[in-house]
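Engineer: Following this note's numbering, the numbering of the sequence shown begins with 1 at its first residue and continues without gaps. For glycine and all other residues, C-beta sits at the position ideal for the given N, C-alpha and C. After the structure tokens below, expect a handful of questions from me.
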Amino acid sequence: MPPNMPPASGRAAERAAPGPAAAADGAAPVRLNKRLADLGLCSRREADEWIARGWVLVNGQVAAMGSKVQPQDRVTVQQAARRQQAGQVTILLHKPVGYVSGQAEDGHPPAATLISQRSHWSGDASGQRFTPAQLKGLAPAGRLDIDSVGLLVLTQDGRVARQLIGEDSGIDKEYLVRVQYGSVATDVQAAFPVQQLARLRHGLSLDGQPLKPAQVDWQNPEQLRFVLTEGKKRQIRRMCELVGLKVVGLKRIRIGRVLLGRLPVGQWRYLAPDERF
């Protein structure tokens, strides 16, 4: 779950605004939606919606779309924004093969079409009840390839999306990856050169950019365990190709501190109130 909003009141104020001295440090004004997002109150898109509805005030005045703020400006949000945000849900889905993370493509359905009362996992301990309104604005916070399975997060909450896929996100993700090495399909670990394993951990580049260090270890003789802090398109498959491995199965089992656990394939549950990424 994202950080709590400020205490309930007629208005929910942002964190204590800097005093006049802060303006003297030469800091440039920033767009209001960025200020709200940087404070962790919402995403930029959500901030724009709040501004459009008149829920954001700068120095006591209703803010206009596209406005910029100085470091010393005091920004507050109306309680209506907090109430709207409290009703937003985050869903954890065990995505099967054959579904795309986002919009439908090449005849393959989006993962969000799996979200219904019928596919809600009976083991969900969150206590939340499904309503069709929870599908509005529900979007994937990250991707999982069409031929991969495992944990996929879908959320209405911009704070969660920013936490998982924002530019400054450092949340790691864990995968189990079954591989072949040339014609070798059993005891791949024995045939795969140790120096190539070291390259998987650090030393590869994709799209002309070096990859961040990764944790890569053998889970068993045919399966590798990857832990990544970035998520380029088809990253693990492309990394493996660069060292002569072919991925024959890929499953995401963890995002931050949230585990896939016993969630069955094709079913989903809510992020529990006490869970944190």
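Excluding the five sequence neighbours on either side, which residues of its own chain have a C-beta within less than 6 Å of the C-beta of Gln-156, listed in chain order?
Structural biologist: Mapped onto the sequence shown, residue 156 falls at position 156. Excluding residues within five positions, the ones whose Cβ falls inside 6 Å are Gln-88, Val-89, Gly-137 and Leu-138.
Engineer: Which of the three DSSP states, helix, strand or coil, is assigned to Ala-47?
Structural biologist: Residue mapping note: residue 47 aligns to position 47 of the sequence shown, counting from 1. Reduced to three states, the DSSP call for Ala-47 is helix.
Engineer: In this structure, how does DSSP classify Thr-229 when only helix, strand and coil are distinguished?
Structural biologist: Along the sequence shown, one-based indexing puts residue 229 at 229. If DSSP states are grouped into helix, strand and coil, Thr-229 belongs with coil.
Engineer: In chain order, what residues of the same chain have a beta carbon less than 7 Å from the beta carbon of Gly-150, not counting five sequence neighbours either side?
Structural biologist: Locating residue 150 in the sequence shown gives position 150, counting from the first residue. Cβ neighbours of Gly-150 beyond the five flanking positions: His-94, Lys-95, Leu-144, Lys-251, Arg-252, Ile-253 and Leu-260.
Engineer: So, with DSSP's three-state summary, where would you put Pro-213?
Structural biologist: On the sequence shown, position 213 is the one that residue 213 refers to. Looking at Pro-213 - three-state DSSP - the assignment turns out to be coil, as it is neither helix nor strand.
Engineer: For Glu-241 versus Val-188, is the C-beta distance shorter than 7 Å?
Structural biologist: Along the sequence shown, one-based indexing puts residue 241 at 241. Along the sequence shown, one-based indexing puts residue 188 at 188. No, they are not a contact pair.
Engineer: Going straight from the alpha carbon of Phe-192 to that of Arg-178, what length do you get?
Structural biologist: Numbered from 1 along the sequence shown, position 192 holds the residue referred to as residue 192. Numbered from 1 along the sequence shown, position 178 holds the residue referred to as residue 178. Rounded to whole angstroms, Phe-192 to Arg-178 spans 13 Å at the Cα level.
Engineer: If I measure Cβ to Cβ from Gln-128 and keep anything under 6 Å in the same chain, skipping five residues before and after, which residues do I get?
Structural biologist: The count along the sequence shown starts at 1 and reaches residue 128 at position 128. Taken in chain order, the residues that qualify are Tyr-270.
Engineer: Quick check: what's the CA-CA separation for Ser-148 versus Val-97?
Structural biologist: Taking the sequence shown and counting its residues from 1, one reaches residue 148 at position 148. Taking the sequence shown and counting its residues from 1, one reaches residue 97 at position 97. Computed Cα separation, rounded: 6 Å.
Engineer: If you compare alpha carbons, which of Thr-76, Val-62, Val-265 and His-202 is closest to Ile-236?
Structural biologist: Here the question's residue 236 lines up with position 236 in the sequence shown. For Ile-236, the nearest C-alpha among the options comes from His-202.
Engineer: Count the C-beta pairs between the segment 111-124 and the segment 50-62 that are closer than 8 Å, then say yes if the count reaches three, no if not.
Structural biologist: No, they do not touch.
Engineer: Could you check whether Ala-214 and Leu-228 sit closer than 7 Å to each other, using their CB atoms as the reference points?
Structural biologist: Translated into positions along the sequence shown, residue 228 becomes position 228. Translated into positions along the sequence shown, residue 214 becomes position 214. Yes, Cβ-Cβ distance for Leu-228 and Ala-214 is below 7 Å.
Engineer: Hey, would you say Leu-32 sits closer than 7 Å to Ala-63, going by beta carbons?
Structural biologist: Counting from 1 along the sequence shown, the entry for residue 32 is found at position 32. Counting from 1 along the sequence shown, the entry for residue 63 is found at position 63. A contact, by the Cβ cut-off of 7 Å.
Engineer: Check Ala-21 in the structure and name its three-state DSSP category.
Structural biologist: Numbered from 1 along the sequence shown, position 21 holds the residue referred to as residue 21. Only weak support is given to the placement of Ala-21: the predicted model assigns it a pLDDT of 40, under 50, and the question is left unresolved by the model.
Engineer: Here's the rule: buried if 16 or more other CB atoms are within 10 angstroms of the residue's CB, otherwise exposed. What is Pro-140?
Structural biologist: As a working mapping, residue 140 is identified with position 140 in the sequence shown. Classification of Pro-140: buried, given that the 10 Å Cβ count is 16 or more.
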